[in-house]
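Residue numbers (the numbering used here): 37 to 333. Below you'll find the structure, written out as structure tokens, and then a few comments.
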């Protein structure tokens, strides 16, 4: 049968998950759709792919199965069939009905029980895997929500029904996994970008020698930073050129912007640097201190 009062696509073969409270931003995510940048489509996918892979392994799914990325305020869900879930990522409470659960381990959820993931006490995002995976229809080979391009299912709303796939295997035989660290300050490795010569020596010294703070104006597209401005040596216009995951672009306000999974594939502001790894930024709350370190010039 087809699904939903507001269908997210797909055919129900193994039950559904009803979204009782979607929270501020909950999206379907898998490992993304790489290989389409030449058509203007970014990779998208989970902001911390390792976290989603772990959650999938805990419930017996292939690592590529689609789950949910839950942002800051948590969400409430109700599966229609008995299932196993796993929540990893931010520090948050998990409840199954009136029974407390744990993050970082398989949790049994009876059919019709309410699964509650509470607000993040530390960090920003949790990744939820459900046995069988979220079986919405794939777009360009992925079930990921791309918040910039509008591909994949829309961000969840209260009342949505999500189809579940058939379980691929039993849950992992573990009692607990070691949670990842959620530091209050991030130290990120960068390489000089293709347009670093558009900036003054002062800008490069500031980028690698001063602290920035994550701005509240951040999302899955990118993390905006506030701090010492990065003055340009070249004041002219730059034709749009390709952007990659982790590019540190400097818009007209001279403040760095780090592109994440839903980044555009082209941009017209110069890229001063590129991060080696953006995944720590998935848990960067507004005000988090960010420092860069990189090669000697």
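Virtual Cβ for every residue (Gly too), placed ideally from N, Cα, C.
Just checking, does the stretch 154-168 make contact with the stretch 90-100 on the three C-beta pairs under 8 Å criterion? yes
Residue closest to residue 207, alpha-carbon to alpha-carbon, out of 79, 245 and 145: 145
Between the alpha carbons of residue 103 and residue 66, how many angstroms are there, rounded? 6 Å
Sequence-distant residues of its chain with Cβ nearer than 8 Å to residue 116 (five each side left out): 51, 52, 53, 54, 147 and 148
Once DSSP output is grouped into helix, strand and coil, what is the label at residue 325? strand
When DSSP labels each residue in this structure, what does residue 64 get in the three-state scheme? strand
For residue 330 versus residue 225, is the C-beta distance shorter than 8 Å? yes
According to the Cβ coordinates, are residue 119 and residue 200 closer than 8 Å? yes
Closest to residue 125 by C-alpha separation, out of 172, 109, 91 and 113, would be which residue? 91
Alpha-carbon to alpha-carbon, residue 273 and residue 243: 22 Å
For the ligand GTP, any of its heavy atoms closer than 7 Å to the Cβ of residue 255? The model on display carries no ligand, and the ligand GTP is accordingly not part of it.
Using a Cβ-Cβ cut-off of 6 Å (strictly less than) and excluding sequence neighbours within five positions of residue 328, which residues of its own chain qualify? 224, 226, 243 and 244
Anyone know if the C-beta pair for residue 319 and residue 187 falls short of 8 Å? no
Along the chain, where does the alpha helix (DSSP H) that runs through residue 237 open and close? 237-245
Between residue 108 and residue 83, what straight-line distance do the alpha-carbon atoms span, to the nearest angstrom? 14 Å
Take the Cβ of residue 193 as the centre, count every other Cβ of all protein chains shown within 10 Å, and call the residue buried at 16 or more, exposed below. exposed
On the DSSP bridge assignment, give the partners of residue 127 in chain order. 158
Can you grab the Cα-Cα spacing for the pair residue 254 / residue 262, in whole Å? 11 Å
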